[in-house]
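Chains as they are written, first to last, in this note's numbering: chain A, 7 to 216; chain B, 7 to 264.
Note that CB positions come from ideal geometry on N, CA and C, so glycine has one too.
In this text the structure is predicted, and so the values were computed from the model without any measurement.
For reference, the structure discussed in these notes is given below.
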Amino acid sequence: MNVFRFIWQNHGQVLELTLEHLRLVGFSTLLAMLIGIPLGIAIAHRPGFNKPVLASANIIQTIPSLALFGFLLPVPWLGERVDRLAILALTLYALLPIIRSTYTGIRGVDPAVVEAGRGMGLTESQLLFQVELPLALSVILSGVRVAVVISVGLATIAAAIGAGGLGEFIFRGLAMVDDRVILAGAIPAALLALVADFGVGWLERLLQPR
Amino acid sequence: MHPDSAIPMIEFRDVSYRVASTSVLSRLNLQVQSGETLVLLGRSGSGKTTSLKLVNRLLAPTSGEIRVKGVSNAEGDVIRLRRSIGYVIQDVGLFPHFTVERNIGLVPRIEGWPEERVRARVLELMQMVGLSPELRRRRPHELSGGQRQRVGVARALAADPEILLMDEPFGALDPLTRDELQREFILLRQRLHKTVVFVTHDLREALRLGSRIALMEAGRLVTVADPREFLRSADPLAAAYVRAFGDGLESAANRGTA
């Protein structure tokens, strides 16, 4: 196979771009979790806010990714370092599944259990950390899993603004009309998505409350 | 008489509770004496569960006040108040991700008891409610309904509260298990001298367990009577209850006060 020979011959660069890709996905997912999980908890506890927050996250999701990368380019601090910009854009896309799954997970905890805990004298933070979050964890992780898989795919577009990652091969291949080069980016990206999907799925089953 | 009997353990003073414009509870005046088991009897929607939740302030009254040991329960720390009151509900509300041991030991643990004392207390309580110690590592879903309810009672007793609030604790059990748990409850109460407020819609259970029965209907207190008086009550609603439950009530009433 030509493709695999090409990947083998360029394995140094494939590895480097894969790591770059991982870095983009990893940082953006982490950021999206840091923002999305507290936000999801907040709207689960204050039902009045769930519609506007979920709607905003939804709207972000509908912006075509290439356009979003382009929109953010002229923003001062961001535009200077395209990797920052790529991470921000990916974070925005990862928000919706994470907020939504956190919201659903917390709302799905049996109200009788929460009320029993409150009646026994658990403080609100004890209720959250000892009862609600552990019981919602597997649902939250299912959202993280979706976010990661989306990010791996979207991060290939970051190469369009020069932020690196496996998209470099894809865009280069497109320009050179060379399938081998395109596939040298696409195959590792697909594998990455599968591994991430499997990994988070495994974590999800491991932490499932029984 | 018990020396504390001058001050009621729990006192409802002109308590009303409304949601939006619907009145759930209107002008409830009721005293629960130390060491007694007061049963709140009534249909669903009569306000009995609401009354119970007002005691540990899961709900706050629209007007009036609830006094616990002579002090309004709106004063002071609500977390402290709740930890000093045991709470048992019908769906048990056991934490499904905790073992039996962690469920029972929860309040002592968050109260900062040393680990050894918590463990000893958990074993003591499991024995008290008739649970074999091997069950302590199980999760709630690995227990029978009766066992779960025993864990619920043990959990409520963990920090040795003076007051127990029980919201239809035996409602979802099969008749045999319910009978067994009711009998054990009577024994337990004689040993522990707790003040209990017990919600049920089952007259037989009320007669058997209550030192007094407070009959509620549509958010109002209809009558308060001890089990024997209740059976002879002239009140039409109480009489209707007695008719509906039929024969064998005398024996239930006699056992309840034995």
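Output the distance between the C-alpha atoms of B/Ala244 and B/Leu47, rounded to the nearest integer angstrom.
10 Å
Just by C-beta distance, which residues in the segment 118-133 of chain A are closer than 9 Å to chain B?
Ala118, Val119, Val120, Glu121, Ala122, Gly123, Arg124, Gly125, Met126, Gly127, Leu128, Thr129, Gln132
Neighbour flag for A/Pro194 against chain B, beta carbons, 8 Å
no
Could one say the Cβ of A/Leu139 lies closer than 8 Å to chain B's Cβ atoms, at least one of them?
no
Counting along the chain, where does the alpha helix (DSSP H) carrying B/Met132 start and finish?
Segment 121-134, the alpha helix (DSSP H) holding B/Met132.
Whole-angstrom distance between B/Gly92 and B/Arg127, CA atom to CA atom:
15 Å
Below 7 Å between beta carbons is the criterion; list the residues of the segment 93-107 of chain B that meet it against any residue of chain A, in chain order.
Tyr93, Ile95, Asp97, Gly99, Phe101, Pro102, His103
Give, in chain order, every unbroken run of the alpha helix (DSSP H) that is at least 4 residues long and sits entirely within the segment 106-160 of chain A.
Taken in chain order, the complete alpha helix (DSSP H) segments of 4 or more residues contained in the segment 106-160 of chain A are 117-125, 139-160.
Closer than 7 Å: B/Glu130 CB and nearest the ligand MN heavy atom
For the ligand MN, the structure offers nothing, since it holds no ligand at all.
Consider the Cβ of B/Ile110: report whether some Cβ of chain A lies at a distance smaller than 8 Å.
no
Are the beta-carbon atoms belonging to A/Ala166 and A/Phe75 less than 8 Å from one another?
Yes, they are a contact pair.
Given that B/Leu113 touches chain A, what residues does it touch there, using C-beta distances under 7 Å?
Here the sequence assigns Val to residue 113 of chain B, which means Leu is not the residue at that position. Those within 7 Å of B/Val113 in chain A are Met126, Gly127.
Kindly list the residues whose CB is nearer than 6 Å to the CB of A/Val120, restricted to its own chain and excluding five residues on each side of it in sequence; keep chain order.
none
Could you run through the segment 51-81 of chain B and flag, in chain order, every residue whose CB is less than 7 Å away from some CB of chain A?
Asn62, Leu64
If contacts are defined as beta-carbon pairs under 8 Å, then B/Ser90 and B/Pro167 qualify, I think. What distance do you get, rounded to the angstrom?
5 Å
Count the other C-beta atoms from every protein chain shown that fall within 10 angstroms of the C-beta of B/Ser27, then say buried if there are 16 or more, exposed otherwise.
exposed
By the 10 Å Cβ neighbour count, where 16 or more other Cβ atoms means buried, how is A/Arg11 classified, buried or exposed?
exposed
How do the segment 136-143 of chain B and the segment 168-175 of chain B stand: do at least 3 beta-carbon pairs fall below 8 Å, yes or no?
no
Any idea what DSSP makes of B/Ile169, helix, strand or coil?
DSSP places B/Ile169 in strand when its eight states are reduced to three.
For B/Ile192, would you say it is in contact with chain A, using Cβ-to-Cβ distances shorter than 8 Å as the test?
no
I'd like to know whether the C-beta of B/Met15 is nearer than 8 Å to at least one C-beta of chain A.
False, the Cβ-Cβ gap to chain A never drops below 8 Å.
Using a Cβ-Cβ distance under 8 Å, would B/Arg144 count as near chain A?
no
What does a CB cutoff of less than 8 Å around B/Ala66 pick up in its chain, not counting 5 residues either side in sequence?
Leu60, Ala80
Comparing the C-beta of B/Leu154 with each C-beta of chain A, is any distance below 8 Å?
The sequence shown places Arg at residue 154 of chain B, not Leu. Chain A, which has no Cβ nearer than 8 Å to the Cβ of B/Arg154, makes this no.
Which residues of chain A have a Cβ atom closer than 9 Å to the Cβ of B/Arg88, listed in chain order?
Arg124, Gly125, Met126, Gly127, Leu128
Would you decide whether A/Lys57 is buried or exposed? Buried here means 16 or more other CB atoms lie within 10 Å of its CB.
exposed
Between A/Gly207 and the rest of its own chain, which residues show a CB-CB distance below 7 Å, the 5 nearest in sequence each way excluded?
Arg151
Starting from the Cα of A/Leu101, find the closest Cα among A/Ser71, A/Gly46, A/Gly123, A/Leu209 and give me that residue.
With distances taken between Cα atoms, A/Leu101 lies closest to A/Gly46.
Within the same chain, show all residues whose beta-carbon is closer than 6 Å to that of A/Leu98, passing over the 5 residues directly before and after it, in chain order.
Ile66
Just to confirm my understanding: we take A/Leu25, look at its own chain, exclude 5 residues before and 5 after, and list those with CB closer than 6 Å. What are they?
Result list for A/Leu25: empty, nothing under 6 Å.
Cross-chain neighbours of B/Ile85 in chain A, by beta carbon under 7 Å
Gly127, Thr129
Quick check: what's the CA-CA separation for B/Met15 versus B/Pro242?
30 Å
Neighbourhood of B/Val84 by C-beta, 7 Å cutoff - its chain only, sequence neighbours within 5 removed:
Arg63
For the structure I just gave you, are there three or more beta carbon pairs, one from the segment 129-140 of chain A and one from the segment 156-170 of chain A, closer than 8 Å?
no
Taking the beta carbon of A/Val183 as the centre, do at least 16 other beta carbons fall within 10 Å, making it buried, or is it exposed?
exposed
Would you verify that the beta carbon of B/Ile169 is, or is not, closer than 8 Å to some beta carbon of chain A?
Cβ-Cβ to chain A under 8 Å: no for B/Ile169.
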